[in-house]
Amino acid sequence: MASRKKKMSSGKPFNVDLAEQRIERLFLMAKDAYAERPELSDRYVDLARRISMRHRVGIPAEFRRRICKKCYSYLSPGANSRVRIDGKNIIITCLECDNIMRMPYK
Ligand SMILES: [Zn+2]
1 MASRKKKMSS GKPFNVDLAE QRIERLFLMA KDAYAERPEL SDRYVDLARR
51 ISMRHRVGIP AEFRRRICKK CYSYLSPGAN SRVRIDGKNI IITCLECDNI
101 MRMPYK
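Sequential numbering from 1 applies to the sequence shown in the UniProt record's numbering.
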């Protein structure tokens, strides 16, 4: 008799689902913390990156543009980052290290 595999309703393995939820929560916490304690926001995004690497889970695009790829700071548009739209790209400048990132705009 063939063994049946249990599947989560989402079709993803349980730990991946959990990792995604934790990443999302960390980004929301980083956003809330930024006004009062920006250094805490950096810690949260650092944790989110570690979870993403350990579980090989991608960071959703909306959150990916909240981290500088060079200095890994949490980026708050209008505070420590500048966001411009150029045709089909979003151009994000990190004002912490002057790194410029281009991302496709959906
Ligand atoms: Zn930077």
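Note that the Cβ used here is the ideal one computed from N, Cα and C, for glycine as well.
Beta-bridge partners of Cys-94 (DSSP): Ser-81.
Residue Tyr-105 holds the alpha-carbon nearest to the alpha-carbon of Ile-85 among Tyr-72, Cys-97, Tyr-105 and Lys-69. Shown here, Asn-89 sits in a strand according to DSSP, grouped into three states. Within the same chain, Cβ atoms closer than 7 Å to the Cβ of Arg-22 are found at Ile-51, the five residues on either side in sequence being excluded.
Each of Cys-68, Lys-70, Cys-71, Ser-73, Cys-94, Glu-96, Cys-97 and Asn-99 has a C-beta closer than 6 Å to some heavy atom of ligand 1; these make up the full list, in chain order. Runs of the alpha helix (DSSP H) spanning 4 or more residues and lying entirely within the region 9-49 occur at 14-34, in chain order. The closest CA to that of Arg-37, considering only Cys-71, Asn-89, Arg-54 and Leu-75, is found on Leu-75. No residue range can be given for Arg-56, since it is assigned to no beta strand (DSSP E) and is classified by DSSP as neither H nor E.
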